[in-house]
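Residue numbers (the numbering used here), protein chains in the order written: chain A, 3 to 298; chain B, 447 to 767; chain C, 11 to 379. A short write-up of the structure that comes next.
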Amino acid sequence: MSNGMPPSRDDAPPGHPRGRTWNRAGDDPDPSVPALEVDDLTVAYREQPVLWDVDLRIRQGSATAIVGPNGAGKTTLIRSILGLVPRAAGRVRILGSPLEDVRRQVAYVPQRGSVDWDFPTSVEDVVLMGTYGHLGWFRRPGKREREAARRALERVEMAAFAHRQISELSGGQQQRVFLARALVQEARVHFLDEPFQGVDARTERSIMDVLHELRDRGDTVIAVHHSLQTVPEYFDGVVLLNVRLIAAGPVDAVFTDENLRTAYGGRIPYRSPTSPTSPPPPGASPAAGPPPPLEG
Amino acid sequence: MDGGFLPALFTDHTLRVVGLGAGAVGALAGSLGCFALLRRQSLLGDAVSHAALPGIALAFLLTGSRATPVLVLGAALTGWLGTLFVMAVVRHSRIPEDSALGILLSVFFGVGLVLLTFLQRGPTAAQAGLDTFLFGQAATLLVQDVILVLSLGGVALLLLALSWKEVKLLAFDREFGRVQGIPMGRVDLLLTSLLVVAIVLGLQTVGVVLMSALVVAPAAAARQWTDSLGRMVILAGALGAGAGVGGAWMSTLGDGIPTGPAIVLLASGVVAVSILAAPRRGVLWDRIRRRRVRARLAAGGGTPGMPSEAPGERERLGGGD
Amino acid sequence: MPLHVEIQLLAVVVAAACALPGVFLVLRRVALISDAISHSVLLGIVLAFFWVRDLTHPALILGATATGILTVALVEALHRSGRVKEDAAIALVFPALFSLAVLLIARYAGQIHLDVHSVLLGEIALSPFRRWEVGGVDLGPRSLWMMGGILILNAGALLLLWKELKVSTFDPALAASLGFSPVVLHYAFMTLVSVTAVGAFDAVGSILVVALMIAPPATAWLLTDRLSVMVGLSVALAVAAAVTGFWAAWLLDVSIAGSMAAMTGVGFVLAFILAPDRGVLASLRRRARQRVEFSGMLLAVHLLHHEGTADESVETRVDHLQKHLRWSPDFARRVIDRAERVGWVRREGRERLRLTPLGRETAKVGMIR
Numbered sequence: 003m004s005n006g007m008p009p010s011r012d013d014a015p016p017g018h019p020r021g022r023t024w025n026r027a028g029d030d031p032d033p034s035v036p037a038l039e040v041d042d043l044t045v046a047y048r049e050q051p052v053l054w055d056v057d058l059r060i061r062q063g064s065a066t067a068i069v070g071p072n073g074a075g076k077t078t079l080i081r082s083i084l085g086l087v088p089r090a091a092g093r094v095r096i097l098g099s100p101l102e103d104v105r106r107q108v109a110y111v112p113q114r115g116s117v118d119w120d121f122p123t124s125v126e127d128v129v130l131m132g133t134y135g136h137l138g139w140f141r142r143p144g145k146r147e148r149e150a151a152r153r154a155l156e157r158v159e160m161a162a163f164a165h166r167q168i169s170e171l172s173g174g175q176q177q178r179v180f181l182a183r184a185l186v187q188e189a190r191v192h193f194l195d196e197p198f199q200g201v202d203a204r205t206e207r208s209i210m211d212v213l214h215e216l217r218d219r220g221d222t223v224i225a226v227h228h229s230l231q232t233v234p235e236y237f238d239g240v241v242l243l244n245v246r247l248i249a250a251g252p253v254d255a256v257f258t259d260e261n262l263r264t265a266y267g268g269r270i271p272y273r274s275p276t277s278p279t280s281p282p283p284p285g286a287s288p289a290a291g292p293p294p295p296l297e298g
Numbered sequence: 447m448d449g450g451f452l453p454a455l456f457t458d459h460t461l462r463v464v465g466l467g468a469g470a471v472g473a474l475a476g477s478l479g480c481f482a483l484l485r486r487q488s489l490l491g492d493a494v495s496h497a498a499l500p501g502i503a504l505a506f507l508l509t510g511s512r513a514t515p516v517l518v519l520g521a522a523l524t525g526w527l528g529t530l531f532v533m534a535v536v537r538h539s540r541i542p543e544d545s546a547l548g549i550l551l552s553v554f555f556g557v558g559l560v561l562l563t564f565l566q567r568g569p570t571a572a573q574a575g576l577d578t579f580l581f582g583q584a585a586t587l588l589v590q591d592v593i594l595v596l597s598l599g600g601v602a603l604l605l606l607a608l609s610w611k612e613v614k615l616l617a618f619d620r621e622f623g624r625v626q627g628i629p630m631g632r633v634d635l636l637l638t639s640l641l642v643v644a645i646v647l648g649l650q651t652v653g654v655v656l657m658s659a660l661v662v663a664p665a666a667a668a669r670q671w672t673d674s675l676g677r678m679v680i681l682a683g684a685l686g687a688g689a690g691v692g693g694a695w696m697s698t699l700g701d702g703i704p705t706g707p708a709i710v711l712l713a714s715g716v717v718a719v720s721i722l723a724a725p726r727r728g729v730l731w732d733r734i735r736r737r738r739v740r741a742r743l744a745a746g747g748g749t750p751g752m753p754s755e756a757p758g759e760r761e762r763l764g765g766g767d
Numbered sequence: 011m012p013l014h015v016e017i018q019l020l021a022v023v024v025a026a027a028c029a030l031p032g033v034f035l036v037l038r039r040v041a042l043i044s045d046a047i048s049h050s051v052l053l054g055i056v057l058a059f060f061w062v063r064d065l066t067h068p069a070l071i072l073g074a075t076a077t078g079i080l081t082v083a084l085v086e087a088l089h090r091s092g093r094v095k096e097d098a099a100i101a102l103v104f105p106a107l108f109s110l111a112v113l114l115i116a117r118y119a120g121q122i123h124l125d126v127h128s129v130l131l132g133e134i135a136l137s138p139f140r141r142w143e144v145g146g147v148d149l150g151p152r153s154l155w156m157m158g159g160i161l162i163l164n165a166g167a168l169l170l171l172w173k174e175l176k177v178s179t180f181d182p183a184l185a186a187s188l189g190f191s192p193v194v195l196h197y198a199f200m201t202l203v204s205v206t207a208v209g210a211f212d213a214v215g216s217i218l219v220v221a222l223m224i225a226p227p228a229t230a231w232l233l234t235d236r237l238s239v240m241v242g243l244s245v246a247l248a249v250a251a252a253v254t255g256f257w258a259a260w261l262l263d264v265s266i267a268g269s270m271a272a273m274t275g276v277g278f279v280l281a282f283i284l285a286p287d288r289g290v291l292a293s294l295r296r297r298a299r300q301r302v303e304f305s306g307m308l309l310a311v312h313l314l315h316h317e318g319t320a321d322e323s324v325e326t327r328v329d330h331l332q333k334h335l336r337w338s339p340d341f342a343r344r345v346i347d348r349a350e351r352v353g354w355v356r357r358e359g360r361e362r363l364r365l366t367p368l369g370r371e372t373a374k375v376g377m378i379r
């Protein structure tokens with residue numbers, strides 16, 4: 003699946019949303035520009051730091067997991083990058099530009115629980131919401147948008163549900179609908195918040211297939227993820243976070259004993275598939291050692 | 447209609463005016479109320495309508511005019527100030543929203559009563575009838591009032607239709623809209639303003655005490671009958687209009703029957719029927735379905751597990767990690 | 011007793027009786043259920059009146075309290091049915107019950123000596139004229155006795171259930187594990203609220219009851235963190251609003267109940283702006299100070315992160331800080347000055363900053379908090 007295929011946009015199979023309905027090929031960014039640059043990002047609630055001075059570079063065409071213990075600020079990191087949480091300090095660039103200039107290139111899959119699924123609307127309607135950004139005020143989604151929504155739903159195997167009321171969906175189906183809504187945005191950088199929360203194994207695999215496909219086309223996928231075990235299989239890179247950035251980079255470089263212990267304290271919910279690590283000493287406390295090296 | 451019960455005062459012309467006015471008020475409040483209901487702001491309407499009372503009294507005190515546009519402007523102003531007050535209190539203190547709403551509605555209402563009693567000892571008799579704003583009296587509607595309701599209400603509904611997808615996104619997933627660069631703050635401002643307009647236009651007919659019910663009840667009833675937001679808004683508008691016309695008519699039957707309670711009772715009846723009997727969502731259908739399942743199980747015909755359901759249902763049971 | 015003293019006494023007792031359960035309404039975030047109860051008790055009064063045909067009969071209080079509890083139960087049933095959310099359930103139930111009561115009053119106006127005005131305003135100015143006489147001896151205003159009884163009931167119930175109410179308000183899970191039945195406690199509390207609303211209804215009307223129940227406790231919550239202090243303060247604030255409200259109304263010749271409600275609002279707004287610790291002014295001042303302190307810490311953490319890295323020479327420049335950390339030149343100077351003063355950083359040349367050992371320790375501790 004992840005065979006390092008060079009990004010190419012013109013050979014997209016028919017029926018794939020990368021058929022580019024509104025984000026034309028002329029918008030293609032220089033592939034050497036990082037998908038995401040975060041400098042000195044600090045976020046605080048009521049003057050209590052939630053994220054401390056985070057520096058981060060993520061290259062285009064990669065799939066990156068954001069992991070860390072509960073309360074580490076994973077969701078806050080994504081939300082502050084997307085301008086949903088005010089930053090106390092720091093600078094964010096997406097595809098080399100401030101968010102305001104590249105909104106059309108950014109897709110967002112929020113946590114499933116963030117909306118009321120009893121809202122009176124259909125699956126197709128929810129997916130169409132992904133087209134509102136490029137439509138502008140007053141204009142309604144038309145034939146083109148409906149066609150794009152249909153393709154996106156097919157992509158997540160939900161086409162048969164297009165006219166279902168959203169309260170009738172299972173957790174996994176809800177997540178697929180949210181993913182389709184992001185696909186229809188035809189973005190280059192995709193942010194997902196806990197996309198596997200409460201979904202069945204089959205859905206998890208098919209969501210991951212879609213994400214890999216996006217990545218293989220040169221898109222960038224950045225997801226908050228909670229299972230360390232599946233990180234090496236699903237993602238190329240990983241960001242290990244616990245209020246501050248512990249480490250970022252390729253999975254095997256980041257998932258060292260020391261880094262994990264720094265992030266999680268004594269209980270590391272991860273066992274390396276290659277070198278079985280010895281269990282950490284009970285009661286090991288987070289080390290206040292020197293700051294770990296950052297990714298360049 | 448049975449002319450025998452109608453006082454001679456109510457010519458057909460008056461009834462038409464009153465019916466049209468109350469129907470328009472109901473349609474406006476009902477359709478905009480859908481968004482208040484879906485955004486869990488049902489009680490904001492209550493607070494706004496109470497907060498409008500001092501605005502009505504102040505408008506009269508300052509201008510000496512009882513013309514509806516003047517009073518509506520005053521009502522809208524204090525209604526707006528009231529929402530700002532609630533937002534400020536929730537943002538800048540530990541006081542939760544429900545307490546802030548409670549303080550807003552009761553304190554503003556108290557101030558309104560102080561002003562009304564202040565006016566009532568004034569030398570002129572012009573203030574007489576201001577207290578019809580408490581429970582509403584559709585019979586006091588004039589042709590100009592109805593024209594005002596129809597024109598302002600029409601503009602409000604037009605704006606709603608033009609901003610339909612933004613407003614829908616605001617109600618369903620505000621942050622997703624923000625990430626796409628849609629100015630959700632401005633959409634919120636627009637929708638809240640439209641709701642304030644709908645409420646203050648209804649005050650003369652329904653009264654400040656019960657206006658919020660005309661915002662919530664038609665929407666809650668309509669929600670039970672449809673899963674489409676568009677149909678829900680149209681149906682709530684129709685139900686609101688029906689309750690408005692019916693209540694206004696009822697209030698012309700008997701001496702001194704205020705319009706507000708009549709309208710609210712009609713609308714509440716519709717809600718009760720809808721929650722009990724609407725197809726699919728109705729509570730009664732739930733009962734019947736459950737009884738059938740139990741009967742089938744008792745007869746030994748069904749499988750011991752679940753009766754066959756939609757595929758989604760099965761996945762929900764098997765899903766999760 | 012002179013008339014105005016009796017009215018004030020009644021106002022004070024009503025205010026105190028409302029403030030006591032109000033504290034828990036505010037803390038349990040069910041403030042608006044008081045709005046619902048105070049409206050729907052009217053239906054109970056009207057229906058009970060049809061039965062006993064006497065506006066002074068105690069059955070009216072029973073009937074009204076029962077409708078108050080019925081309201082709570084209806085709201086919960088509607089909410090639990092899953093068809094509407096809780097706020098909508100409240101907004102649906104009480105207008106219906108209240109409308110029915112108002113229509114019944116309007117329909118049978120000749121038989122009930124209640125009119126829509128007294129429903130909303132109460133008749134505190136008239137209540138001293140309804141005396142309680144036993145064997146020809148005048149014992150004072152009837153409603154003063156009733157509200158006095160309700161005040162004692164509320165105070166007694168609060169003392170008796172203090173621990174249970176406190177625990178279930180602040181830690182419902184703990185309360186359940188200690189074996190308090192949340193349902194029983196909830197309904198016992200709502201019965202208190204209903205009885206209080208019925209009693210106060212007569213004096214101040216259905217909407218202003220809400221002001222007396224919610225505004226003084228909310229004001230007190232801005233002034234203290236301790237529950238017992240909050241209860242005392244709420245009563246004191248309610249009493250103060252009652253007395254000042256009475257005199258304002260007396261001087262201006264306006265509605266006494268409306269004036270009392272307005273005064274509870276004045277108290278709340280004053281506390282909201284001026285409260286020593288939680289007021290808007292105090293927290294703005296504190297926020298500004300914390301921002302400088304926090305930014306100093308941020309500066310230390312930032313310098314620590316880039317110590318010994320390739321980009322250190324860039325990242326420690328003063329003008330870079332302004333750009334990357336999005337600080338204004340003026341704000342950056344204040345932060346750096348303070349960090350220098352407390353000995354976290356020192357300047358190297360004019361444009362470079364370096365951590366002191368103390369600053370390094372501080373940054374390390376700050377990061378892992």
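Virtual Cβ for every residue (Gly too), placed ideally from N, Cα, C. Being a predicted model, the structure only gives us computed values, none of them experimental.
Would you call the segment 260-273 of chain C in contact with the segment 26-44 of chain C, where contact means no fewer than 3 C-beta pairs closer than 8 angstroms?
No: fewer than three Cβ pairs fall under 8 angstroms.
Can a CB atom of chain A be found closer than 7 angstroms to the CB of Gln626 of chain B?
So, interface residue.
With burial defined as no fewer than 16 other Cβ atoms inside 10 Å of the residue's Cβ, what is the status of Met533 of chain B: buried or exposed?
With fewer than 16 other Cβ atoms within 10 Å, it is exposed.
Determine whether the beta carbon atoms of Ala668 of chain B and Met678 of chain B lie at a separation below 7 angstroms.
Cβ atoms of Ala668 of chain B and Met678 of chain B: closer than 7 angstroms.
Just to check my reading of the structure: Leu243 of chain C and Leu233 of chain C have Cβ atoms closer than 8 angstroms, yes? What is that Cβ distance to the nearest angstrom?
The Cβ separation is near 6 angstroms, so the contact holds.
Does any residue of chain C have a CB that is nearer than 7 angstroms to the CB of Val532 of chain B?
No, because no Cβ of chain C sits closer than 7 angstroms to the Cβ of Val532 of chain B.
Going along the segment 73-95 of chain C in order, which residues come within less than 8 angstroms of chain B, judged by CB to CB distance?
Taking 8 angstroms as the Cβ-Cβ cut-off against chain B, the residues of the segment 73-95 of chain C that qualify are Leu88, Ser91, Arg93, Val94 and Lys95.
For Leu308 of chain C, which residues in chain A fall below 9 angstroms Cβ to Cβ?
Those are Asp42, Thr44, Ala46, Pro51, Trp54, Asp55, Ala90 and Ala91, listed as they occur along chain A.
By DSSP, does Ala513 of chain B sit in helix, in strand, or in coil?
Of the three classes helix, strand and coil, the one that applies to Ala513 of chain B here is coil, per DSSP.
Can you pull the chain A neighbours of Arg669 of chain B, defined as C-beta to C-beta under 7 angstroms?
Chain A residues near Arg669 of chain B: Pro122.
Is the beta carbon of Ile96 of chain A sitting closer than 7 angstroms to the one on Val191 of chain A?
In this structure, Val191 of chain A lies closer than 7 angstroms to Ile96 of chain A by Cβ.
Ignoring anything shorter than 4 residues, give me the alpha helix (DSSP H) runs that lie fully in the segment 179-263 of chain C, in order along the chain.
As far as the segment 179-263 of chain C is concerned, its whole alpha helix (DSSP H) runs of at least 4 residues are 182-187, 192-231 and 237-262.
Given that a residue counts as buried once 16 or more other Cβ atoms are within 10 Å of its Cβ, and exposed if not, what is Tyr47 of chain A?
Answer is exposed; the Cβ neighbour count stays below 16.
Report the start-end ranges of each alpha helix (DSSP H) in the segment 301-363 of chain C that is 4 residues or longer and not cut off at the edges.
For the segment 301-363 of chain C, whole alpha helix (DSSP H) runs of length 4 or above, ordered along the chain, are 322-325, 328-334 and 339-351.
Going by the CB atoms, is the gap between Ser697 of chain B and Ala708 of chain B shorter than 7 angstroms?
Their beta carbons are under 7 angstroms apart, which means Ala708 of chain B touches Ser697 of chain B by this criterion.
Is the Cβ-Cβ distance between Gly558 of chain B and Pro704 of chain B less than 7 angstroms?
Not closer than 7 angstroms, so no.
With 7 angstroms set as the bound, which would you pick, yes or no: does the beta-carbon of Phe257 of chain A sit closer than that to a beta-carbon of chain B?
Answer no: the Cβ-Cβ gap between Phe257 of chain A and chain B never drops below 7 angstroms.
Unbroken alpha helix (DSSP H) runs of length 4 or more, entirely within the segment 64-117 of chain C: which are they?
Correct list: 69-90 and 96-117.
Taking C-beta pairs closer than 7 angstroms, name the residues in chain C that Val691 of chain B reaches, listed in chain order.
Simply none; closest approach about 17 angstroms.
For Pro753 of chain B, does the count of other Cβ atoms within 10 angstroms reach 16, so buried, or fall short, so exposed?
Confidence is the limiting factor: at Pro753 of chain B the pLDDT is only 42, short of 50, which leaves the residue's position unreliable and the question unanswerable from this model.
For Trp231 of chain C, which residues from the same chain have a beta carbon less than 7 angstroms from its beta carbon, with the 5 sequence-adjacent residues on both sides left out?
Around Trp231 of chain C: Val36 and Met240.
Does any residue of chain A bring its CB to less than 7 angstroms from the CB of Asp673 of chain B?
Answer yes: the Cβ-Cβ gap between Asp673 of chain B and chain A drops below 7 angstroms somewhere.
Just the C-alpha distance for Ala198 of chain C and Leu170 of chain C, rounded to the nearest angstrom, thanks.
Answer to the nearest angstrom: the Cα atoms are 12 angstroms apart.
Have a look at Phe34 of chain C and Leu168 of chain C and give me their C-alpha separation to the nearest angstrom.
Each residue's Cα considered, the two are about 10 angstroms apart.
Given Pro33 of chain A, which residues of its chain have a CB within under 8 angstroms of its CB, disregarding the five upstream and five downstream residues?
Around Pro33 of chain A: Pro9, Gln62, Gly63 and Gly220.
Where do the N-terminal and C-terminal ends of the alpha helix (DSSP H) with Val233 of chain A fall, by residue?
Start and end: Val233 to Tyr236.
State the DSSP-derived secondary structure class of Phe622 of chain B, mapped to helix, strand or coil.
DSSP places Phe622 of chain B in helix when its eight states are reduced to three.
Per DSSP, which residues does Glu16 of chain C bridge with? Please list them.
Answer by DSSP bridge pairing: none, since Glu16 of chain C is not bridged.
Quick one: is Leu86 of chain A near chain B, going by C-beta distance under 7 angstroms?
Yes, because at least one Cβ of chain B sits closer than 7 angstroms to the Cβ of Leu86 of chain A.
Taking the straight line between their C-alpha atoms, what separation do you get for Ser305 of chain C and Val592 of chain B?
So the two alpha carbons sit approximately 59 angstroms from each other.
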